[in-house]
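So the protein sequences, as listed, match chains D and G. Count the first sequence with the working numbering and you get residues 1 to 500, in order. Count the second sequence with the working numbering and you get residues 1001 to 1254, in order. Each residue gets a CB set at the ideal place from its N, CA and C atoms; glycine is no exception. Predicted model, so just to flag it, every value in this text is computed and none were measured. Read the structure below first, then the notes.
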Amino acid sequence: MPGEGERVVAAIDQGTTSTRCLLFNRSGRMLAVAQREHRQHYPAPGLVEHDAAEIWRNVRRVVPAALRSAGLTPDDLVGLGIANQRETTVVWNRHTGVPISRAVTWQDTRTDGIVARLVDDGHAPMITRLCGLAPATYFAGPRLRWILDHVPGAREGAEAGDLLFGTMETWLIWNLTGAHVTDVTNASRTMLMDLRTREWSDPLLDVLDVPRRMLPEIRSNAEVYGVCTAVLPGVPVAGALGDQQAALVGQACFAPGEAKCTYGTGAFLLMNTGERIAESSHGLIPTVGYLLGERPVYALEGAIAMTGSLVQWFRDSLGMIGTAAQIETLAETVEDNGGCYIVPAFSGLYSPHWHPDARGVMVGLTSFINRGHLARAVLEATGWQTREVVDAMNLDSGVTVTRLKVDGGMTANHLLMQFVADVLDVPVERPLGSEAVSLGAAYAAGLAVGHWSDVEVLRSNWHRAAAWEPAMDPDLRRREHANWGRAVDRSYGWVQTPAD
Amino acid sequence: MPGSIQSIERAAAMLRLLGSTGRSLGINEIAAALDLPRPTAHGIVRTLREVGFVEQDPSARYVLGSALRELGSGGWDRHDLRARAMNWADSLAGSTGLAVELGVPDGPAVRLVHHVFRPDGTPQSIRTGDERPLHATAVGKCLLAFAPVATPPPRELVLTRYTGRTCVTVAALEAHLAVARRRGWAGDSGECEPGLGGAAAALRGSGGLVAGAIAVVGPVEELFGLGGELRPAVAVHLVTAAREISASLVEGTP
Chain D
1 MPGEGERVVA AIDQGTTSTR CLLFNRSGRM LAVAQREHRQ HYPAPGLVEH DAAEIWRNVR
61 RVVPAALRSA GLTPDDLVGL GIANQRETTV VWNRHTGVPI SRAVTWQDTR TDGIVARLVD
121 DGHAPMITRL CGLAPATYFA GPRLRWILDH VPGAREGAEA GDLLFGTMET WLIWNLTGAH
181 VTDVTNASRT MLMDLRTREW SDPLLDVLDV PRRMLPEIRS NAEVYGVCTA VLPGVPVAGA
241 LGDQQAALVG QACFAPGEAK CTYGTGAFLL MNTGERIAES SHGLIPTVGY LLGERPVYAL
301 EGAIAMTGSL VQWFRDSLGM IGTAAQIETL AETVEDNGGC YIVPAFSGLY SPHWHPDARG
361 VMVGLTSFIN RGHLARAVLE ATGWQTREVV DAMNLDSGVT VTRLKVDGGM TANHLLMQFV
421 ADVLDVPVER PLGSEAVSLG AAYAAGLAVG HWSDVEVLRS NWHRAAAWEP AMDPDLRRRE
481 HANWGRAVDR SYGWVQTPAD
Chain G
1001 MPGSIQSIER AAAMLRLLGS TGRSLGINEI AAALDLPRPT AHGIVRTLRE VGFVEQDPSA
1061 RYVLGSALRE LGSGGWDRHD LRARAMNWAD SLAGSTGLAV ELGVPDGPAV RLVHHVFRPD
1121 GTPQSIRTGD ERPLHATAVG KCLLAFAPVA TPPPRELVLT RYTGRTCVTV AALEAHLAVA
1181 RRRGWAGDSG ECEPGLGGAA AALRGSGGLV AGAIAVVGPV EELFGLGGEL RPAVAVHLVT
1241 AAREISASLV EGTP
């Protein structure tokens, strides 16, 4: 319950599987949450789409539901912030508000041809130099190009100024306020933005053949983009960040060297690199961390494709456990992994390896191995993948990670969190309240409207709810690390590219 | 000898029926197979669904529920319990400023399955997995009071003295448990460690069965007033958290 007359901040977390609205009080405590899942469309292997209109309908439902459950009205809100699934691409008609196709999501790999052509034509060095990203199907720009090439009338409509492009935050802000804007963190994931000037880059627009007039204006993460005319009439939309950058803010990683890892379906580790853009030679992505005032703060990001989704596979496809939480119970039935390792390269390996040709392997099987050892190996895969990203981060940033803040659903697994601390050899800390993504969006909005004065206030809202101290014998750590490395080697080169 | 209870016989027959077929069944099929009027069959299957012995598939047809399969496996999985309790445990620590512990019965002791630090930035180490004495902690006494089958009877416990306040006789312990049952929560006024107290409430799953206990833990003077009464704000937050976690346990009964 909020105190009498206390003003609160609302956050929308527009995620891959659901849309949620959360309300936070001034000390960053969650007062209410409402959630609605949306449909995943799989029209063909490798294709994953969302219906942007359905997502907007869900926003119209979850926001009033959250207010109702806290007993509040729009008048109690000082502002609204948005955190969103990144790189998911929407194009809509500015006159009718209707999307011209389903949204092409970040997991969708249909742009592999477009990306391969960019590389074949020798554009990769120029692209990486300007936007910091190595061309990959992961980013939004090639998806926009795909829509322009394949959806009937898209190219003509875009050039005539009838069509607008946006990632999810842009789509929602346009529907809420009528403003056509994006924020610098989402824009930094399009492969269209110059990472230094933080403006759309003409050479990048040219190489992807994207008309500039369909692009939103790039804004900071904390400013009033517009005032809601729908859903929350009169409430300013004052914050927007990509979900992983939002978690960096929600975890109060405001000093260079501070890092957080969000464990969900996959895991995303971001380290604050301050005002410096860290070039990565170890498979990490330099990105905008946040822009809350005048000067941008940059970050290095390591993306791990499969963490929670490996546990889901263990539950749903193998039927080894009834719920995700029970993997800890099963893992506790044995002392160690028994010599078994699972490398979850189900769709290739992301950071730091970037091996699209890798596929999952399970090695070290003997008659000794039972279900408990497999459960350990599943959890340890998340631990070792975190270690690989942290090692790359230490090399690329020149700053050593001395503690890791964690959030997300898998932090409920204490055996895993202990293992992460053991293999990193640094303390792992969980904050009170695991909603770092939404909290980050609320913080941005609250800063913009003066609800919070500065980031120091936000830092004092961060409270340690648990800490796991490293306790693994160094020799054992070295041996297990080497075994993991040998297991990863065996996952490479499994997929043989067809001759086309 | 009283006769057997017809509705229980019918419920058992319904479970056997659902277990005998490899597919899900509609309500009309169930009613026809058991020769019951449709409303009677519906009332029974709905009750079985509420306790988790029957589930509905996406087409709203009925199958045996997961709670039935897990009936022999000893109640709530302790990590499922933690996953269900985690958000409320965080919220309890946030609203009271105290540490929070979640415990389940484990032989002659309490096993801590979750621990949230006192949110004041002081150095603390995680106590998940630790054992606690049943007779000298708030979680332990709460489980003794409200989960009498899952815990040993007080006369079988070794009543080790930890502080001057520890209950070291069965009579003293029984008196504490009676107070706990009357109030609905169990207290520890420094009975395991001098000056460190706790207050615990039971977490109840389907049918009121106790799955564990949740406690706030901290300095005795922060928990209790001068007369030894639990501070009202702490009591409200503790009871609310226990109620909300219990509701989520009932919703997802294993």
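As summarised for the segment 1122 to 1199 of chain G, the continuous beta strand (DSSP E) elements at least 3 residues long and confined to that stretch are 1131 to 1133 and 1186 to 1193, given in chain order. In this structure, the alpha-carbon of Asp1057/G lies about 29 Å from that of Arg60/D. In the DSSP assignment, Ala482/D falls outside any beta strand (DSSP E) and lies within the alpha helix (DSSP H) extending over Pro474 to Ser491. Under the Cβ criterion of 7 Å, Gly319/D is not counted among the residues facing chain G.
For the C-beta of Ala467/D, the chain G residues within less than 9 Å are, from N- to C-terminus, Phe1117, Pro1123, Gln1124, Ser1125 and Ile1126. Here the segment 1130 to 1144 of chain G makes contact with the segment 1097 to 1115 of chain G; the two share three or more CB pairs at distances below 8 Å.
Counting only runs of at least 3 residues, the segment 31 to 92 of chain D fully encloses the following beta strand (DSSP E) elements, listed from N- to C-terminal order: 77 to 84. Within the segment 310 to 337 of chain D, the residues whose Cβ lies closer than 7 Å to any Cβ of chain G are, in chain order, Gly322, Thr323, Ala325, Gln326, Glu328 and Thr329. Asn93/D places its beta carbon 7 Å or farther from that of Asp149/D. When beta bridges are read from the DSSP output, Ser18/D appears opposite Glu37/D.
Listed as beta-bridge partners of Pro203/D by DSSP are no residues whatsoever. A contact is defined here as three or more CB-CB pairs under 8 Å, and the segment 221 to 238 of chain D fails this definition with respect to the segment 455 to 465 of chain D. By alpha-carbon distance to Gly1205/G, the top candidate from Ser1248/G, His1237/G, Arg1165/G and Leu1015/G is Ser1248/G. Of all residues in the segment 1226 to 1254 of chain G, none comes within less than 7 Å of chain D when Cβ atoms are compared. A straight line joining the alpha-carbon of Gly79/D with that of Ile1245/G spans about 31 Å. Under the Cβ distance rule, Gly1094/G counts among the residues neighbouring chain D, one pair being separated by less than 7 Å. For Leu130/D, no beta strand (DSSP E) segment is defined; the enclosing uninterrupted segment is the alpha helix (DSSP H) at Ala124 to Cys131. Around the beta carbon of Ala1233/G, fewer than 16 other beta carbons sit within 10 angstroms, so the residue counts as exposed. Near chain G, meaning a CB-to-CB distance below 9 Å, no residue of the segment 353 to 370 of chain D qualifies. Nearest CB-CB separation between Asp1035/G and chain D: not below the 7 Å threshold. DSSP, reduced to helix, strand and coil, places Asn175/D within a helical segment of the structure shown. For the pair Ala441/D and Arg1181/G, the Cα-to-Cα distance works out to about 45 Å. Within the same chain, and ignoring the five residues on either side of Gly1207/G in sequence, the residues whose Cβ sits closer than 8 Å to its Cβ are Val1051. The C-beta distance from Val343/D to Thr386/D rounds to 14 Å, too long to meet the 8 Å contact threshold. Just measuring C-alpha positions, the residue of Gly1164/G, Leu1209/G, Val1210/G and Ala1145/G sitting nearest Arg1183/G is Ala1145/G. Taking 8 Å as the upper bound on Cβ-Cβ separation, chain G lies near residues His414, Leu432, Gly433 and Ser434 of the segment 414 to 438 of chain D. Within the same chain, Thr89, Val90, Val91, Leu144, Ala158, Val210, Met214, Leu215 and Pro216 come within 8 Å of Phe165/D by CB-CB distance, once the 5 residues on both sides are set aside. For Arg459/D, not one C-beta of chain G is nearer than 7 Å to its own C-beta.
A distance of 7 Å or more separates the beta carbons of Ala1199/G and Ala1242/G.
When secondary structure is reduced to three states using DSSP, Met271/D falls in the strand class.
What Met1086/G touches in chain D, judged by beta-carbon distance under 9 Å, is Thr411, Ala412 and Ser434, going in chain order. A straight-line Cα-Cα distance of about 12 Å links Thr273/D and Leu248/D. By the Cβ neighbour-count rule, Val1236/G is exposed, with fewer than 16 other Cβ atoms within 10 Å of its own. At least one beta carbon of chain G lies nearer than 7 Å to the beta carbon of His463/D. At a cut-off of 7 Å, the C-beta of His1079/G has a neighbouring C-beta in chain D.
In the DSSP assignment, Glu217/D forms a beta bridge with Val181/D.
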